[in-house]
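Input: a single structure, listed below in structure tokens.
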Amino acid sequence: MSRGEIYRVRRGYYSEKQHINPFLLIAAKYPYSIITMDTAFFIHGLTDVIPDDTYLATLRNATRITEDKVVQIFLSEGIFEPGKTTQEYEGVMITIYDRERMLIEALRNSKTMPFDYYKEIIASYRRIDDKLDYKKIEEYISHFKKREYLYNMLQREVL
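Basically my numbering = 1-based index in the sequence shown + 497.
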């Protein structure tokens, strides 16, 4: 640290870079969570809106995260794992939901998202519809209680 080769970015966390993306720091601090919602939309390049908070999905029985700038979303065991993947972001491996799962999350949360933000994300999905794996999407939808509603919304909004 005294030679400037390593930096303390937070108590117990060190980096070779002086400034580290807060998403990466929070993902490292909570390794059993999955990056989701606004944070995942941004990381996947579906929006250019940088979220103020880091959105993390955890199991319903997980310990509550009380840290500022973290929004914890509790999910049941049946819908927690589908779409979970690891990918490299800014040189660091993170656990995040894939684009197909995030499409389902956008559809599920359409009523609570700002309308313009939702439309921006759906427009992004329409631009990359040839790159999406629709078999994965159908498989993921099968895990949700409102599967018919989600499938109809998918047909209406993206296809």
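The beta carbon of each residue, even a glycine, is placed where N, CA and C say it ideally should be.
All values reported here derive from a predicted model rather than from experimental measurement.
Run of the beta strand (DSSP E) containing residue i, from where it starts to where it stops
i: residue 555; result: 551 to 556
Residues of its chain near residue i, where Cβ-Cβ distance is below 7 Å and the 5 sequence neighbours each way are ignored
i: residue 589; result: 521
i: residue 497; result: Lying before the first or after the last residue shown, residue 497 is absent from the chain, which here runs from 498 to 656.
i: residue 557; result: 571, 572, 573
i: residue 593; result: 531, 532, 537, 540, 582, 584
i: residue 650; result: 604
i: residue 596; result: 541, 629
Beta-carbon contacts of residue i that lie in its chain and below 8 Å, excluding the five residues immediately before and after
i: residue 519; result: 551, 566
i: residue 641; result: 576, 601, 605, 647
i: residue 624; result: none
Residues that residue i bridges to, as DSSP identifies them
i: residue 572; result: 556
i: residue 567; result: 551
i: residue 531; result: 554
Beta-carbon contacts of residue i that lie in its chain and below 6 Å, excluding the five residues immediately before and after
i: residue 586; result: 540
i: residue 654; result: 619
i: residue 622; result: 600, 655
Residue i versus the options, residue with shortest Cα-Cα distance
i: residue 643; options: 604, 537, 529, 580; result: 604
i: residue 613; options: 545, 528, 537, 525; result: 545
i: residue 529; options: 547, 535, 560; result: 560
i: residue 598; options: 591, 611, 553, 580; result: 580
i: residue 524; options: 543, 555, 542; result: 555
i: residue 617; options: 526, 542, 502, 527; result: 542
i: residue 568; options: 596, 591, 547, 534; result: 534
i: residue 591; options: 623, 626, 610, 553; result: 553
i: residue 564; options: 578, 595, 526; result: 526
i: residue 578; options: 626, 639, 652, 610; result: 639
i: residue 548; options: 502, 610, 562; result: 610
Run of the alpha helix (DSSP H) containing residue i, from where it starts to where it stops
i: residue 519; result: 519 to 526
i: residue 562; result: Where residue 562 is concerned, there is no enclosing alpha helix (DSSP H), given that its DSSP letter is neither H nor E.
i: residue 651; result: 644 to 654
Q.
Give the list of continuous beta strand (DSSP E) stretches no shorter than 3 residues that lie fully inside the region 579 to 635.
A. 581 to 586, 589 to 594
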